[in-house]
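Here the structure comes first, spelled out in structure tokens, and everything after it is commentary.
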Amino acid sequence: MHEKERHRIILSAVQDRPVLTVAELCALTGASEATIRRDIVSLDEHKKLRRVRGGAEALHPGHFRGLAGRPFSVNETIMIDQKRAIARAAVELCSEGESIIINGGTTTFQMVHPLASRRLQVFTNSFPIAEHLLHNSKNTVLLSGGVVYREQNIILSPFDNDVTRNFYARRMFMGAQGVGPLGLMEADPLLIQAEQKLIGQAEELVLMVDSSKFESRSSLVLCALDRIDVLITDEGISDKDAQMLDAADVKLIVAHPNASVTTSPSP
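Mapped onto the working numbering, the consecutive letters of the sequence shown carry residue numbers 147 to 413.
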């Protein structure tokens, strides 16, 4: 990637965040830490952003309120092989003609590729998921209405009587900020509100999380573990976490990058 292109990406990214770290900018651009640090120094000298310890911030940040958590563009580069395997296992649960909900996220986004050969009714609050399925599949796509949050590429409605209430799904597929003994955790109250509405419209809740999410924690609990029907993760899950899920009667599916899956006995 050329320097000018990196600079455009950096300047665009800092407008949506109070502070962007060097590591986040590396993930966004694919450049090394040394290169990003030089870019930040150069942009700071040209008074296009402000250099801060460990990263950069905008000189005149926008007033648009983003959601808590890492941006979509950063998250989609993390544990990508595991996310693809998890997504393949998720799509294997679907039958032709079913109605499903896919919540926005980088793990759920990976479902779009195996869904290309299916014909389902898909309700989503994710721009990238809807766009990809519209252009690359014969699935029927319904998109929720509301406010677009650019960093997470997600649409959230502030209203209780939105189109969500009119859609019934056999299954809902979603990711999470973290998973622990208290349940499924998220980083932002707006996400909690939107996801609780969606969960209420589906018969079965399928949680798609890579094994690192069992080490991640947040201050907000979306639902208890026993509300989750199926959890799909990768082979990095510990025996302790698998036992925790078994105690909550959550069906565990372990997906491997070679496309094979291991399913725990049904509760």
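From the three backbone atoms N, C-alpha and C, an ideal C-beta is built for every residue, glycine too.
Everything numeric in this text was worked out from a predicted model, so none of it was measured.
Buried or exposed: where does residue i fall if 16 or more other Cβ atoms within 10 Å of its Cβ makes it buried?
i	result
leucine 280	exposed
valine 137	Shown here, the chain extends from 147 to 413; a query on residue 137 therefore has no answer.
methionine 147	exposed
alanine 159	buried
glutamate 170	buried
glutamate 242	exposed
methionine 331	buried
leucine 391	buried
glutamate 151	exposed
glutamine 415	Beyond the ends of the chain as shown, which are 147 and 413, falls residue 415; an answer cannot be given.
alanine 177	buried
aspartate 387	buried
Quick check: what's the CA-CA separation for residue i versus residue j?
i	j	result
glutamine 389	isoleucine 224	26 Å
asparagine 271	cysteine 369	19 Å
alanine 214	valine 294	Note that alanine 214 scores 48 on pLDDT, short of 50, meaning its location in the model is unreliable; the coordinates nonetheless yield the value given after this. When rounded, the distance between both Cα atoms is 14 Å.
aspartate 395	glutamate 277	35 Å
proline 274	leucine 302	14 Å
isoleucine 345	alanine 180	44 Å
threonine 286	valine 268	6 Å
valine 237	valine 198	43 Å
leucine 336	serine 188	37 Å
glycine 212	glutamine 339	Any reading at glycine 212 must be qualified, since the residue scores a pLDDT of 47, below 50, and its modelled position is unreliable; the value itself is stated next. Whole-angstrom Cα-Cα distance: 15 Å.
asparagine 312	histidine 153	44 Å
alanine 333	glycine 251	13 Å
glutamine 161	histidine 192	17 Å
List the endpoints of the continuous beta strand (DSSP E) containing residue i.
i	result
threonine 310	Per DSSP, threonine 310 belongs to no beta strand (DSSP E) and is neither H nor E.
isoleucine 301	300-302
alanine 202	201-203
leucine 377	376-380
arginine 230	Premise fails: arginine 230 lies in the alpha helix (DSSP H), 226-237, not in any beta strand (DSSP E).
leucine 336	It is not in any beta strand (DSSP E) - leucine 336 instead sits in the alpha helix (DSSP H) that spans 335-345.
arginine 363	No beta strand (DSSP E) holds arginine 363; DSSP gives it neither H nor E.
arginine 316	315-320
Hey, could you find the ends of the alpha helix (DSSP H) residue i is sitting in?
i	result
arginine 152	149-160
alanine 187	Strictly speaking, residue 187 in this sequence is valine, with alanine absent from that position. Element bounds for valine 187: 179-191.
methionine 390	385-393
cysteine 172	168-175
Taking C-beta to C-beta, are residue i and residue j nearer than 8 Å?
i	j	result
glycine 200	threonine 167	yes
phenylalanine 319	isoleucine 247	yes
leucine 377	leucine 398	yes
asparagine 249	glycine 324	no
aspartate 190	isoleucine 156	no
alanine 233	glutamine 256	yes
serine 357	isoleucine 383	yes
glutamate 203	valine 258	no
glutamine 342	alanine 315	no
valine 367	aspartate 380	no
cysteine 240	leucine 205	no
Using beta carbons (cut-off 8 Å, strictly below), is residue i in contact with chain B?
i	result
methionine 354	Absent here is chain B; the protein component of the structure consists of one chain.
Next item on the list: Return the chain-ordered ranges of every alpha helix (DSSP H) run that is complete within the stretch 247-294 and spans a minimum of 4 residues.
Entry: 252-255 and 273-282
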